[in-house]
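2 is the number of the first residue of the sequence shown in the numbering used here; add one for each residue after it. Remarks on the structure that follows.
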Amino acid sequence: MADLTPLLDPHVSLHIIHIIGVVIAVGAVIITDVVNGFLHLRPGFAEWDAKIAPLFSLMVWTGFLILAVSGTLLFLMHPYLIHDTLFHAKMLFVAAVFFNGVLLNTWVTPKFEELSEEWDERTERVKAFEVVAGVAAVVSVIGWMSIIVLGYLIANT
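The structure is reproduced here in structure tokens:
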């Protein structure tokens with residue numbers, strides 16, 4: 002039988018919760034980007050994508066909330082991180098991902114829903130929107146992957 006006593010250690014439990022937050026948030030980001038990439042190749046799915054986008058957005062924000070709470074508690078357990086350059090870099094990427102997420106939720110997702118009916122026609126509005134949404138998606142993926150790599154480096158150095 003497995004020994005589960007290490008789970009009673011708050012440090013271990015918080016790390017597990019933090020990793021669950023990463024899986025939820027980054028998983029939703031990856032699925033969203035794959036679906037949107039597929040949408041670029043198959044425009045007929047625009048209305049379907051517009052309907053499921055809020056669900057994946059909710060998953061990203063749920064994961065982000067889990068990360069914020071568990072990350073704050075982990076930081077309080079390791080306040081020396083305030084002097085760590087890698088930690089500063091990670092927090093810079095966290096801020097970038099957060100503000101990019103605000104842009105995605107307040108402008109990109111509503112605009113996408115508005116444009117979904119004319120997606121097949123490839124209008125100038127759709128093309129311009131794809132550029133902005135594409136940049137936001139790249140910022141999101143690079144930001145999240147950087148956060149993961151920096152988090153790993155911080156935990157293992």
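Cβ coordinates follow ideal geometry from the N, Cα and C atoms, glycine included.
Local conformation of residue i per DSSP, three classes
{"i": "M2", "result": "coil"}
{"i": "R123", "result": "coil"}
{"i": "T158", "result": "coil"}
{"i": "D34", "result": "helix"}
{"i": "H79", "result": "coil"}
{"i": "D10", "result": "coil"}
Backbone CA spacing between residue i and residue j [nearest angstrom]
{"i": "H79", "j": "D85", "result": "11 Å"}
{"i": "F130", "j": "A51", "result": "14 Å"}
{"i": "V23", "j": "L9", "result": "21 Å"}
{"i": "A137", "j": "L105", "result": "7 Å"}
{"i": "L82", "j": "R123", "result": "49 Å"}
{"i": "V35", "j": "G102", "result": "17 Å"}
{"i": "F65", "j": "T158", "result": "24 Å"}
{"i": "V127", "j": "V133", "result": "10 Å"}
{"i": "L5", "j": "S14", "result": "11 Å"}
{"i": "L75", "j": "E125", "result": "47 Å"}
{"i": "T107", "j": "L151", "result": "28 Å"}
{"i": "E115", "j": "L59", "result": "19 Å"}
{"i": "L77", "j": "P11", "result": "12 Å"}
{"i": "A3", "j": "T110", "result": "45 Å"}
{"i": "T33", "j": "F57", "result": "7 Å"}
{"i": "M146", "j": "T63", "result": "18 Å"}
{"i": "G135", "j": "V142", "result": "11 Å"}
{"i": "G28", "j": "G144", "result": "14 Å"}
{"i": "V140", "j": "P7", "result": "37 Å"}
For residue j and residue i, believed in contact at Cβ under 8 Å, the rounded distance
{"i": "V61", "j": "V30", "result": "6 Å"}
{"i": "V98", "j": "I148", "result": "7 Å"}
{"i": "A26", "j": "F113", "result": "In fact, because the Cβ distance is near 20 Å, the residues do not count as touching under 8 Å."}
Check: residue i C-beta below 8 Å from any heavy atom of the ligand NAD
{"i": "E122", "result": "Ligands displayed in this structure: none; no statement on the ligand NAD is therefore possible."}
How about the region 64-79 and the region 13-21: do they share at least three Cβ pairs that are nearer than 8 Å? yes
Pairs of beta-carbons, one from the region 90-97 and one from the region 112-127, closer than 8 Å: are there three or more? no
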